[in-house]
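In my numbering, the protein residues as written are 2 to 117.
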């Protein structure tokens with residue numbers, strides 16, 4: 002049964018091509034918002050805390066600081082409203098899910114950039 006679900010997801014779910022990114026990377030997500038009969042594009046720039054799931058149920062969580070308040074947003078990878086994703090910085094972290102990042106403030110909250 003699982004292989005049938007995977008087959009259907011691979012064949013019929015349209016996947017957009019986004020750049021590779023992971024935990025610790027700073028990315029900008031551009032997504033469409035509908036207000037009444039108008040649509041506009043809004044962006045959300047922050048650090049990727051995690052990527053989870055696979056196939057059509059894959060999601061990623063982004064955290065940014067808005068003033069002194071931390072804001073997190075979860076985006077499904079296959080969200081039709083997603084327009085594009087830009088990778089601003091590649092972060093060097095040792096974990097796939099950096100939940101400890103929520104408790105850090107100031108200079109401790111900086112993530113070193115990965116060398117190429």
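In this text, a Cβ means the ideal position worked out from N, Cα and C, and glycines have one as well.
Helix, strand or coil: how does DSSP classify residue i here?
i, result
"residue 78", "coil"
"residue 88", "strand"
"residue 69", "coil"
"residue 116", "coil"
"residue 108", "helix"
"residue 93", "coil"
"residue 36", "strand"
"residue 47", "strand"
"residue 98", "coil"
"residue 103", "helix"
"residue 13", "helix"
"residue 118", "Here the chain has residues from 2 to 117 only, and residue 118 is not among them."
For residue i and residue j, I'd like the C-alpha separation in whole angstroms.
i, j, result
"residue 81", "residue 108", "36 Å"
"residue 95", "residue 46", "22 Å"
"residue 1", "residue 85", "Outside the displayed range of the chain (2 to 117) lies residue 1, so it cannot be described from this structure."
"residue 99", "residue 30", "19 Å"
"residue 2", "residue 77", "24 Å"
"residue 83", "residue 112", "26 Å"
"residue 5", "residue 12", "11 Å"
"residue 16", "residue 41", "22 Å"
Could you round the C-beta distance between residue i and residue j to whole angstroms and report it? I think they count as a contact, below 8 Å.
i, j, result
"residue 28", "residue 79", "With a Cβ gap of about 17 Å, residue 28 and residue 79 do not count as contacting."
"residue 54", "residue 7", "Their Cβ separation, rounded to whole angstroms, is 13 Å, which puts residue 54 and residue 7 out of contact at 8 Å."
"residue 114", "residue 93", "7 Å"
"residue 116", "residue 26", "No, residue 116 and residue 26 are not in contact; Cβ-Cβ is about 14 Å, not under 8 Å."
Mind checking if residue i is an interface residue toward chain E, Cβ cutoff 7 Å exclusive?
i, result
"residue 110", "The structure shown contains no chain E; it holds only a single protein chain."
Would you check if the segment 99-108 and the segment 43-50 touch, i.e. whether three or more CB-CB distances between them fall below 8 Å? yes
Sufficient close CB pairs (3 or more, under 8 Å) joining the segment 67-74 to the segment 13-28: Taking a cut-off of 8 Å for Cβ pairs, the segment 67-74 and the segment 13-28 do not touch, as fewer than three such pairs fall below it.
Do the segment 33-43 and the segment 55-62 make contact, defined as three or more Cβ pairs closer than 8 Å? no
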